[in-house]
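Undergrad: Here it is, the structure, as structure tokens.
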Amino acid sequence: MATIDCMEGNTMTEMTRKRILVVDDEQDAREFVKAVLEEEYEILTASDGDEGLKIAEENLPNLIILDVQMPKLGGFDVFSQMKKDKALCEIPVIMLTGIREKVGVDFSKEEMGDFFGKEPSAYLEKPINSCDLLATVHKCLGGGGCCCCGGS
Amino acid sequence: MIAEEGGKRSALHGKLVLERPGGTSVSFPLTQFPVALGREASNDITLSDHSVSRRHARLVLDGEMVQVEDLGSSNGTFVNGNKIASCGLKNGDHLRLGNCSFAVELDPPNTGKGREPKTTSSTWDLSTHSLSQEDLEVEATGIRAAGLTGASTGAVLGFFQQTGRILERAFDLDELLNGILDLTFQMIPAGRGCILLADPNTGEMGIKASKTSDDEGQDGLDRMKISRTILDYATRQGRAVLTSDATSDDRFGAAQSVIIQEIRGAMCVPLRGREEIIGAIYVDSKLLSHKFSIDDLKLLFAVGAQIGIAVENTRLYDANLRAERMAAVGQAVAGLGHCIKNILNGMEGGSFILQKGIDKAEEGSIRKGWDILSRNSSRLKDLVLDMLAYSKPREPMYQVVQGNSVVVDVVELLQERADGKGVHLRYIPDERLQAVEIDGKAIYRCVLNLVTNAIDACQEQGGEVCVRTLLSQQEQRFEISVSDNGCGVSEEDMEKLGRAFFSTKGSKGTGLGLSVTYKIVSEHKGDIRVESRLREGTTFTLSLPVRRPME
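One line per chain: the protein sequences are H and A, in this order. The first sequence runs 86 to 237 under the numbering used here. The second sequence runs 513 to 1063 under the numbering used here.
Structure follows, in structure tokens:
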């Protein structure tokens, strides 16, 4: 279910609008990220890892936002497959996690898979803070600061 | 309290404790006077040390006072460092004969509580040089069942079977120790008994379980004093110790005569752990008819060897249990934290979209934001309900309900959700199913969980979920089955089904739904069957008794 949202009345031209792929199994989470970013970026969404990889290959987005905990192909699996793919390995990735070291629970080696030794561009913890999300995306894509916080 | 017997005056007056090189000591209770000390075997206390004269000194009773008299020894007799010819002894004095040093431990004069010691000549020696101990001691390795003659082989085997059973079952230290003591009392004519364990931190021995036989009366345990010497001997040297009645034991002859309190006999064996001695079993008896034999000692020694390991295992088990509990709590907290964060994420998202809609006066966004918010608040409610249902054991609140109606309610509720995902939800009731006695709300929750899972498992297109009821009149049971043609459960995951916080649903799953379902069904004395093939589908079948099961 790839969705390409084209914003109307956008000040930026299609040429300068960067493309972001959001991969999350939860619709509410996808909607959230999309709502935060859609004014500046073109948003693609995928509801699982396989679909995410497929859309990434087809559309070569500028940034991928990946949820870690997804059924079947999890976020780390998608990440490590991307790193093996010449077309995708350079695309920056922001990982969305429900839980991480902060609560004393680390991902197991099994969960991490081939992921060890490589790092995504950034981690963002759920619940997502819209300003953090925007700022992180800007940082990854070299854009401006967060509009609502008055710059990064 | 002095009794006359054969010209000798006897009573328990205390003891001399011989301090030996290496920190060990041997005690000689003082009961009969005079007590002769010297190198010759004819002495009451034989000291095989060349600094001691053949007939070195003697202890006599002067009224209530114990006196020591030097018998013209070559190297002298010393009390508290002063050479003496004759001197009264007090408790705490230090007595030295040549190179042999004794601590003097004297009881205060007995003012008489009507308890006249009847025992006049129980003799016992722990390990003086002059007496062979081989007969009394069983070396750590030397236990052989064939050597047991006192008790019949059958009884001994039965005994070990029983100890084996206690050891298998006992995960609780108290239960283990008391069980072993009870069994010991069945086999050994003990009056009093206790098990001592060394404190793992300080090494201090403390009584962890004790028992008194009916014959012994109530005063047994209150006054239970265990000879430190016997205990040390058993635990430091790891040897079994038996003290017995010397009147019937020729080996003692006219050698050291001592009485240990009023006790006719006592035994003490070490409890061996894997690496060290961790405690001891001690038994004694006041009754003449309850004399201990070498076989009793062997038996007790074998018990000691067995339970030493068991005690260590129990302690390890406890430590493991604590660690596991901590791990389980950690896992639960992490699992819950994760679920709650995902729900919060939904709420944050919902309110962000709602805010945006309000700011821009877009009804679409307002509606979408509101939907997300309310959906996540009901997820939170479900999570809390599942948590509560999972956390405490409860009896089902039985009521009479129409079996099919519980299922219909679920199907109707989830119809929309199924439609939204393009899943065809079918319901095939067994019309013969009428009133059943179940906890309606709880079973509703189970069916809701199963049907929700089934819909989630389905692909976006061509998904099918079928819910059926079936009455088995013969067995007085009814079944609710939920089938889907979805992704199926892998063999690996099948084992983890129902484990709390295990979910294959990613952010959507709490990992509690099935755990709660399993719990509720088992509280109903029902069962759950699962059949699944990867990528072909899964069928969950709940089987429940039609009537409330009798207790």
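Glycine included, every Cβ here is placed at the ideal spot set by N, Cα and C.
Does the segment 116–133 of chain H come into contact with the segment 858–870 of chain A, if we say contact requires no fewer than three beta-carbon pairs (one atom in each stretch) closer than 8 Å?
TA: Flag = yes, the segment 116–133 of chain H and the segment 858–870 of chain A touch.
Undergrad: Can a CB atom of chain A be found closer than 8 Å to the CB of A114(H)?
TA: What you label residue 114(H) is simply residue 29 of the first sequence in a count that begins at 1. Closer than 8 Å to some Cβ of chain A, the Cβ of A114(H) qualifies, so yes.
Undergrad: Quick test of your reading: I149(H) and I176(H), contact by CB under 8 Å. State the CB separation rounded to the nearest angstrom.
TA: Taking the first sequence and counting its residues from 1, the one referred to as residue 149(H) is at position 64. Taking the first sequence and counting its residues from 1, the one referred to as residue 176(H) is at position 91. Right, the Cβ-Cβ distance comes to about 6 Å (below 8 Å), so this counts as a contact.
Undergrad: Quick one: which chain H residues come within Cβ less than 9 Å of L856(A)?
TA: By 1-based counting over the second sequence, the position of residue 856(A) is 344. Going along chain H in sequence order, the residues near L856(A) (Cβ under 9 Å) are K211 and P212.
Undergrad: By Cβ distance, which residues of its chain are closer than 7 Å to C490(A), with the 5 residues on each side in sequence left out?
TA: Because chain A in this structure spans residues 513 to 1063, residue 490(A) falls outside the shown range and cannot be described.
Undergrad: Measuring CB atoms only, is the segment 741–753 of chain A touching the segment 786–795 of chain A, in the sense that at least three cross pairs come out at less than 8 Å?
TA: Counting C-beta pairs closer than 8 Å gives three or more between the segment 741–753 of chain A and the segment 786–795 of chain A, which meets the contact rule.
Undergrad: Going by DSSP, what residue range makes up the beta strand (DSSP E) through E1043(A)?
TA: Counted from its first residue, the second sequence places residue 1043(A) at position 531. Looking at the DSSP string, the run of the beta strand (DSSP E) that includes E1043(A) is D1039 to R1045.
Undergrad: Between the segment 928–937 of chain A and the segment 976–994 of chain A, do at least 3 Cβ pairs fall closer than 8 Å?
TA: Cβ pair count under 8 Å is three or more, so yes.
Undergrad: Which one or two residues does DSSP pair with R989(A) in a beta bridge?
TA: Within the second sequence, residue 989(A) is the residue found at index 477, counting from 1. DSSP output for R989(A) lists S984(A) and P1057(A) as bridge partner(s).
Undergrad: Take the Cβ of L122(H) as the centre, count every other Cβ of all protein chains shown within 10 Å, and call the residue buried at 16 or more, exposed below.
TA: Residue mapping note: residue 122(H) aligns to position 37 of the first sequence, counting from 1. Buried.
Undergrad: Return the residue from the list A569(A), E576(A), L573(A) and L828(A) that minimises the CA-CA distance to G584(A).
TA: Locating residue 584(A) in the second sequence gives position 72, where the first residue counts as 1. Per the Cα distances, A569(A).
Undergrad: Taking L685(A) and V823(A) to be in contact with their CB atoms under 8 Å, please state how far apart those CB atoms are, rounded to whole angstroms.
TA: Working through the second sequence from its first residue, we reach residue 685(A) at position 173. Working through the second sequence from its first residue, we reach residue 823(A) at position 311. So it is a contact: roughly 7 Å between Cβ atoms.
Undergrad: How about L688(A) and I678(A): are their beta carbons less than 8 Å apart?
TA: Looking up residue 688(A) in the second sequence gives position 176. Looking up residue 678(A) in the second sequence gives position 166. L688(A) is a Cβ neighbour of I678(A), given a cutoff of 8 Å.
Undergrad: Rounded to whole angstroms, what's the CA-CA distance from T1050(A) to E136(H)? Just pull it up for me.
TA: Counting from 1 along the second sequence, the entry for residue 1050(A) is found at position 538. Counting from 1 along the first sequence, the entry for residue 136(H) is found at position 51. When rounded, the distance between both Cα atoms is 23 Å.
Undergrad: Using CA coordinates, which residue listed in Q673(A), R1047(A), G705(A) and I557(A) is at the minimum distance from L530(A)?
TA: As a position in the second sequence, residue 530(A) is number 18, starting the count at 1. Here the closest residue by C-alpha is I557(A).
Undergrad: From the DSSP output, in three-state form, read off N594(A) for me.
TA: Mapped onto the second sequence, residue 594(A) falls at position 82. It is a strand residue.
Undergrad: Is L1046(A) closer than 8 Å to S1002(A) when the C-beta atoms are compared?
TA: The sequence position of residue 1002(A) within the second sequence is 490, counting from 1. The sequence position of residue 1046(A) within the second sequence is 534, counting from 1. Yes.
Undergrad: For the segment 888–920 of chain A, which residues have a CB atom closer than 7 Å to at least one CB atom of chain H, in sequence order?
TA: N888
Undergrad: Let me know the secondary structure DSSP gives R1011(A) once reduced to three states.
TA: Counting from one through the second sequence, the residue named residue 1011(A) turns up at place 499. Coil at R1011(A), not helix or strand.
Undergrad: What are the start and end residues of the alpha helix (DSSP H) that includes D808(A)?
TA: Residue numbering aside, residue 808(A) sits at position 296 when the second sequence is read from its first letter. Element bounds for D808(A): I806 to K872.
Undergrad: Run down chain H in chain order and give the residues with a C-beta less than 9 Å from the C-beta of K1031(A).
TA: As a position in the second sequence, residue 1031(A) is number 519, starting the count at 1. The contacting residues do not exist; K1031(A) stays about 24 Å from chain H at best.
Undergrad: For G1000(A), which residues of its own chain have a beta-carbon under 8 Å away from its beta-carbon, when the five flanking residues on both sides are left out?
TA: Within the second sequence, the letter at position 488 stands for residue 1000(A). Taken in chain order, the residues that qualify are A969, S1044, R1045, L1046, R1047, E1048, G1049 and T1050.
Undergrad: Cβ atoms of Y902(A) and A835(A): under 8 Å apart, would you say?
TA: Residue mapping note: residue 835(A) aligns to position 323 of the second sequence, counting from 1. Residue mapping note: residue 902(A) aligns to position 390 of the second sequence, counting from 1. The criterion of a C-beta distance shorter than 8 Å is not satisfied by A835(A) and Y902(A).
Undergrad: Could you compute how far the alpha carbon of D883(A) sits from the alpha carbon of A840(A)?
TA: Here the question's residue 883(A) lines up with position 371 in the second sequence. Here the question's residue 840(A) lines up with position 328 in the second sequence. Cα to Cα, D883(A) sits roughly 35 Å from A840(A).
Undergrad: Since T182(H) and E210(H) are thought to touch, with beta carbons under 8 Å apart, how far apart are those beta carbons, to the nearest angstrom?
TA: Taking the first sequence and counting its residues from 1, the one referred to as residue 182(H) is at position 97. Taking the first sequence and counting its residues from 1, the one referred to as residue 210(H) is at position 125. Right, the Cβ-Cβ distance comes to about 6 Å (below 8 Å), so this counts as a contact.
Undergrad: According to DSSP, what are the bridge partners of F1052(A)?
TA: Counted from its first residue, the second sequence places residue 1052(A) at position 540. For F1052(A), the beta-bridge partners assigned by DSSP are V994(A) and V1042(A).
Undergrad: Using a Cβ-Cβ distance cut-off of 8 Å, determine whether I790(A) contacts chain H.
TA: Walking along the second sequence from the start, residue 790(A) turns up at place 278. Chain H contact via Cβ: absent.
Undergrad: When you compare only the Cα positions, how much space is there between A615(A) and I742(A)?
TA: Along the second sequence, one-based indexing puts residue 615(A) at 103. Along the second sequence, one-based indexing puts residue 742(A) at 230. Going by C-alpha positions, A615(A) is about 16 Å away from I742(A).
Undergrad: Taking all protein chains shown into account, decide if H562(A) is buried (16 or more other Cβ within 10 angstroms of its Cβ) or exposed.
TA: Taking the first residue of the second sequence as position 1, residue 562(A) is located at position 50. Around the beta carbon of H562(A), fewer than 16 other beta carbons sit within 10 angstroms, so the residue counts as exposed.
Undergrad: Near Y829(A), which residues of its chain fall below 7 Å by C-beta distance, leaving aside the five closest residues on each side in sequence?
TA: If you number the second sequence from 1, residue 829(A) lands on position 317. The residues are F683.
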